[in-house]
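Residue numbering for the sequence shown follows this note's numbering, beginning at 412 and increasing consecutively. Idealized CB from N, CA, C, for every residue including glycine. So the structure is just underneath, and the comments pick up after that.
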Amino acid sequence: MKHSPNSPILLSSSLHVDEARKAIAQMVNELVAESKALNNPADIETVSLDQAINRILAADVLSPIDVPSADNSAMDGFAFHSQCLDTSSPEIELSVVGTAFAGKPYEGKVVAGQCLKIMTGALMPPDCDTVIPQEFTESVDNLQIRFKQNQVRPGENRRLRGEDLQKDKPAILAGRLLRPSDLGLAASLGIASLNVNRKLKVAILSSGDELRALGQPLDSGSIYDSNRYSLTGLLNRLNLDIIDCGIVRDDPTSLKEAFCQAAKEADVLISSGGVSVGEADFTKQIMQELGDVGFWKIAMRPGRPMAFGMLKPVPGKSPARKTLFFGLPGNPVAVMVTFYQFVRGALLQLNGAKQTEPALTQAISELPIRKKPGRTEFQRAILGRGPDGKPTVKLTGSQGAGILRSMSEANCFVILHQDQGNIAAGEWVDVALFDGLL
Ligand code: AMP
Ligand code: MG
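Rendered as structure tokens:
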């Protein structure tokens, strides 16, 4: 089944979460291909390592050196040649001829019956191929050690030249979302800067006559525009440029103007509000003029209504790129759930990332959870540990789509899949953590 955004099937029936994700990934793929075809040199930037965190690597990093650059010891201990192990005696005695430190190699020879005291990271002398760790040895006297043959096998506790990375072979692959360990790895190779994809420009706007900016008085029936701040917080974790288009009133002229303005500059436009039944009608009409956007009913909770598609390049935009559009539901928790489920991965994919899905884990539900089959539910919860040390989850109170408190207290979503029904206490459930570790 092909899901072009305006396919009538999507308008009339509820769309499975996975189908929605697939349709989004397909469109993003097309946009990435179109963008590549433009061959714009400004799409790649060179940044120093301290600026590279959370950027996406544009080309493979080839190692300029072998790592390690020479054979060295993996342990503090004594280096010797494994020929010394060719004896029928269960115990071996070797005389110590010197010491090798990291950064201070031993220059002399080590012959049969001899060994060298060696520190972790010190160069292995050419005459030695094995290290017996210090803790398996006893000293006979100052210059003689003894150990049991069966404590070590030939070649053990030695790191070989190029064992970790070989010169001119890829060390970090294009498409990597750069994490602290990648920056450390680049630095260990002597690389001070990296080629990364340019930052995406993401415009956000909040739509609704009832919305007030912080600092304005709240008149009857109005509410503060909180989505702007949760969305900005989510986007800031992705290291991109945010264009804040403010609050837009529920009238076609203002909305059209705001969408056009955003499409002029942004790679992606994320709006919240104005896509639910009743409100969607005039948004739909504008979208038909500006691009190809579908209005989806997704079988999920929270976050059922959502618009998705692309806006045509606005005249004068250079390069003439389309703008990816996400019309998220207005409810504050639905915004965060739909962002996590659909937008985050699409932004990473559009920016060239290879791995776009956050990892799931599992935990035991402390209490029963009510769930209707036929839709995917995202429930806010706290991941902890039970008395037996096993991971457990407990929901953070009321799960209404507008209740931010239970979102703020939570540290994870419990994900209840389309076909799942009620969950019994003690049952394992899928969990997505809000925060990553590295
Ligand atoms: P809508 O999707 O426009 O029908 O909005 C659904 C609910 O979310 C309504 O109660 C809106 O008042 C609320 N809402 C919409 N936009 C925002 C926003 N930016 N900040 C906080 N609440 C909002
Ligand atoms: Mg509204």
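Do residue i and ligand 1 come close, with the Cβ less than 7 Å from some heavy atom?
i	result
aspartate 630	no
leucine 771	no
leucine 622	yes
aspartate 636	yes
proline 743	yes
glycine 619	yes
arginine 432	no
arginine 639	yes
proline 479	no
proline 740	yes
Helix or strand or just coil, what does DSSP make of residue i?
i	result
cysteine 823	strand
threonine 498	coil
lysine 433	helix
asparagine 465	coil
phenylalanine 736	strand
asparagine 451	coil
proline 581	strand
alanine 691	helix
proline 663	helix
isoleucine 602	coil
asparagine 638	helix
proline 726	coil
glutamate 546	helix
proline 743	helix
phenylalanine 845	coil
threonine 767	coil
methionine 711	strand
proline 591	helix
serine 446	helix
valine 563	coil
serine 809	coil
Using a Cβ-based criterion (distance less than 7 Å to any ligand heavy atom), does residue i qualify as near ligand 2?
i	result
glutamate 690	yes
serine 599	no
phenylalanine 661	It should be noted that the sequence gives aspartate, not phenylalanine, for residue 661. Aspartate 661: yes, Cβ under 7 Å from ligand 2.
serine 682	no
glycine 727	no
glycine 685	yes
Can you give the Cα-Cα distance for residue i and residue j, rounded to whole angstroms?
i	j	result
arginine 587	alanine 673	28 Å
proline 724	serine 809	43 Å
alanine 774	asparagine 833	16 Å
aspartate 471	glutamine 752	28 Å
glycine 632	leucine 622	9 Å
alanine 691	phenylalanine 706	8 Å
alanine 597	alanine 603	7 Å
glutamate 441	isoleucine 529	57 Å
leucine 496	serine 474	37 Å
phenylalanine 736	valine 443	15 Å
lysine 406	serine 665	Residue 406 lies beyond the residue range present for the chain, which begins at 412 and ends at 849; the question has no answer from this structure.
methionine 711	arginine 786	5 Å
aspartate 661	methionine 698	14 Å
asparagine 647	leucine 616	16 Å
leucine 827	glutamine 790	8 Å
aspartate 655	threonine 772	34 Å
asparagine 553	asparagine 568	23 Å
Here's the rule: buried if 16 or more other CB atoms are within 10 angstroms of the residue's CB, otherwise exposed. What is residue i?
i	result
glycine 519	exposed
leucine 584	exposed
alanine 624	exposed
leucine 505	buried
isoleucine 788	Contrary to the premise, residue 788 reads as glutamate rather than isoleucine in this sequence. It counts as buried.
proline 798	exposed
alanine 757	buried
asparagine 561	exposed
cysteine 835	It should be pointed out that residue 835 corresponds to alanine in this sequence rather than to cysteine. Looking at its Cβ environment, which holds fewer than 16 other Cβ atoms inside 10 Å, alanine 835 is exposed.
threonine 498	exposed
proline 628	exposed
arginine 816	exposed
leucine 605	buried
glycine 800	exposed
alanine 431	buried
lysine 783	exposed
For the putative contact between residue i and residue j, defined by C-beta atoms under 8 Å, what is the C-beta separation to the nearest angstrom?
i	j	result
alanine 843	proline 769	6 Å
glycine 509	leucine 527	6 Å
serine 493	aspartate 540	5 Å
proline 565	alanine 490	So it is not a contact: roughly 12 Å between Cβ atoms.
serine 459	isoleucine 709	Rounded, the Cβ-Cβ distance is 42 Å, inconsistent with contact.
aspartate 538	proline 479	Between proline 479 and aspartate 538 the Cβ distance is about 19 Å, and since that is not below 8 Å, they are no contact.
leucine 722	leucine 761	Between leucine 761 and leucine 722 the Cβ distance is about 14 Å, and since that is not below 8 Å, they are no contact.
asparagine 822	leucine 649	Between leucine 649 and asparagine 822 the Cβ distance is about 19 Å, and since that is not below 8 Å, they are no contact.
Quick check: does the Cβ of residue i come within less than 7 Å of any heavy atom belonging to ligand 3?
i	result
glycine 813	By its list of ligands, the structure shown excludes ligand 3, since it contains just ligand 1 and ligand 2.
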